[in-house]
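In what follows, a single structure is set out as structure tokens and then discussed.
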Amino acid sequence: MVPNSQVSRLDRVLLAGAVITGLTAMFLGVYMDAYLHEGISIGGAGTALIAATLGMASSVLFLLMGDGFRKVPLGLIAVAAVCLISGSYFGLFVAPPEHFMGDVQRIMYVHVPTAWNGLLALTFAFVAAVVFLFTNDFKWDARMEAAVEVGILLAFLLCCQGAIWAKPTWGVWWDWDPRLTTTAVLLFAFAGILALRRFVDDPVKRAVWSSVATIISYVDVPIVYFSVRWWNSLHQVQSSPSTVSSQFYLPLRLNAFGVLFLMTGFMMLRARVAALRLAAEVAPPPEELAGELA
Amino acid sequence: MSGGYITGGWGFVWAAYGWTALVLTGYAISLFVRLRKVR
Chain A
1200 MVPNSQVSRL DRVLLAGAVI TGLTAMFLGV YMDAYLHEGI SIGGAGTALI AATLGMASSV
1260 LFLLMGDGFR KVPLGLIAVA AVCLISGSYF GLFVAPPEHF MGDVQRIMYV HVPTAWNGLL
1320 ALTFAFVAAV VFLFTNDFKW DARMEAAVEV GILLAFLLCC QGAIWAKPTW GVWWDWDPRL
1380 TTTAVLLFAF AGILALRRFV DDPVKRAVWS SVATIISYVD VPIVYFSVRW WNSLHQVQSS
1440 PSTVSSQFYL PLRLNAFGVL FLMTGFMMLR ARVAALRLAA EVAPPPEELA GELA
Chain B
26 MSGGYITGGW GFVWAAYGWT ALVLTGYAIS LFVRLRKVR
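Chains as they are written, first to last, in the numbering used here: chain A, 1200 to 1493; chain B, 26 to 64.
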């Protein structure tokens, strides 16, 4: 329940796994570029993209499991800052304007990475909720709380960036379109889970109820993803490597990895806050106070 | 907009990037403050 300050062998293995999968994801991304530039195989590029995405997701899971690494979140945030600053530089000043949307399309370089990682954070919350219900290990409760909060943060940012992009392209800040509506539902459903946790005093009931609520709310995540395909939507469908110009890749990928590292660092720190709060909450009263109470 | 092409719009671009940076920085600061409080 209480975060472990010792670096265990398991932590070391998990960190090594994170580094290997993260590097693999990056190399596969570069390899995909080589495929596209030479026009060899779009299918191969799609496979590489899926592998890279899985690699990123695995990195998040691996890193979050290793509580022993006290300085890892700070390192991740520093790497994220480098990725985001360089990605934003390329997105704002180097990448060309898009054919129809002109310079407004540059919002994509922050909007899309926010969307990918927001859904990834909520996926981790779902995984943590399921693992908690099976194991009753409160580490997973702390991780779920962290992932839900960071997921809400990114979903909120997603809605703001989307509104700013919608005004010049659609003429309105907001529309009750399927993608936007399901995203708003997602934001409020998970915000409700954090509110629920504030109102329940019993740690066990709080953990169980919020795990169940997280699993139920997660149903909306695939609905958000597929909403643009299932219904007529103002929002465009997902792009693929074959529909995005290669000149847009670099800023998009740098920012995607930047948000991923930032999100992971945030979740690790937030999970530590949750675990320390819980430890203080269930700690026995000091001896003098215990004597007075008796 | 001119002939289907959106002209200008840099104000919206800066707003999106600026708001994103502000929110993420604010959250990072809040995390460190909360961590210091619970320690």
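Heads up, the beta-carbon is just placed ideally off N, CA and C, and yes, glycines get one too.
The structure displayed is predicted, hence computed values, not measured ones.
Which residues does DSSP pair with G1301(A) in a beta bridge? Start at 1 with the first residue of the first sequence, and residue 1301(A) comes out as number 102. DSSP lists E1297(A) as partners of G1301(A).
At a CB-CB cut-off below 8 Å, which residues of chain A make contact with I54(B)? Walking along the second sequence from the start, residue 54(B) turns up at place 29. Within 8 Å Cβ-Cβ: nothing; I54(B) doesn't reach chain A, min ~12 Å.
| task | Take V1423(A) as the anchor and find which of V1303(A), G1274(A), V1278(A), W1315(A) has the nearest alpha-carbon. | result | Stepping through the first sequence from its first residue, residue 1423(A) is reached at position 224. The shortest Cα separation from V1423(A) among V1303(A), G1274(A), V1278(A), W1315(A) belongs to W1315(A).
Fill in: Whole-angstrom C-beta distance between W44(B) and C1359(A), which should lie under 8 Å
Taking the first residue of the first sequence as 1, we reach residue 1359(A) at position 160. Taking the first residue of the second sequence as 1, we reach residue 44(B) at position 19. With a Cβ gap of about 6 Å, C1359(A) and W44(B) count as contacting.
To the nearest angstrom, how far is the alpha carbon of M1300(A) from that of A1279(A)?
Here residue 1300(A) refers to the residue found at position 101 when the first sequence is read from its first residue. Here residue 1279(A) refers to the residue found at position 80 when the first sequence is read from its first residue. When rounded, the distance between both Cα atoms is 28 Å.
N1454(A) and V1326(A) - do their beta-carbons sit closer together than 8 Å? On the first sequence, residue 1326(A) is found 127 positions in, with the first residue counted as 1. On the first sequence, residue 1454(A) is found 255 positions in, with the first residue counted as 1. No. Outside cutoff.
Q. Can you name, in chain order, every residue of its own chain whose Cβ lies under 7 Å from the Cβ of V1330(A), other than the five neighbours on each side?
A. Taking the first residue of the first sequence as 1, we reach residue 1330(A) at position 131. Hits under 7 Å: W1339.
Could you tell me if R1471(A) is buried or exposed, where buried requires 16 or more neighbouring beta carbons within 10 angstroms of its beta carbon?
Start at 1 with the first residue of the first sequence, and residue 1471(A) comes out as number 272. Label assigned to R1471(A): buried.
_Proximity below 8 Å, CB of I1415(A) to CB of V38(B)_ = For this step, residue 1415(A) is matched to residue 216 along the first sequence. For this step, residue 38(B) is matched to residue 13 along the second sequence. No, they are not a contact pair.
Tell me whether the beta-carbon of Y1448(A) lies closer than 8 Å to the beta-carbon of L1321(A).
-> As a first step, residue 1448(A) must be located in the first sequence, where it is residue number 249. As a first step, residue 1321(A) must be located in the first sequence, where it is residue number 122. Not closer than 8 Å, so no.
- If you draw a straight line from the C-alpha of F1425(A) to the C-alpha of V1384(A), how long is it? As a working note, residue 1425(A) is residue 226 in the first sequence. As a working note, residue 1384(A) is residue 185 in the first sequence. Near 15 Å, if we compare the C-alpha coordinates of V1384(A) and F1425(A).
Point to revise | Nearest-angstrom Cα separation, counted from M1467(A) out to L1356(A) | key: In the first sequence, the residue the question calls residue 1356(A) occupies position 157. In the first sequence, the residue the question calls residue 1467(A) occupies position 268. One C-alpha to the other measures close to 20 Å.
Name the two residues that bound the continuous alpha helix (DSSP H) containing I1351(A).
-> Stepping through the first sequence from its first residue, residue 1351(A) is reached at position 152. Where I1351(A) is concerned, the enclosing alpha helix (DSSP H) stretches over 1337-1369.
Subject >> Cβ-based neighbour list, A1354(A), same chain, cut-off 8 Å, excluding 5 preceding and 5 following >> reply: Walking along the first sequence from the start, residue 1354(A) turns up at place 155. Cβ within range, chain order: G1317, L1321, T1382, L1385, L1386, F1389.
Quick one: Cα of I1241(A) to Cα of V58(B), how far? Position 42 of the first sequence, counting from 1, holds the residue named residue 1241(A). Position 33 of the second sequence, counting from 1, holds the residue named residue 58(B). In this predicted model, I1241(A) has a pLDDT of only 48, less than 50, meaning its place in the structure is not dependable; the value taken from the coordinates is given anyway. Answer to the nearest angstrom: the Cα atoms are 47 Å apart.
Within chain A, partners of L47(B) - CB distance below 8 Å: Reading the second sequence from its first residue, position 22 is the one you call residue 47(B). The contacting residues do not exist; L47(B) stays about 10 Å from chain A at best.
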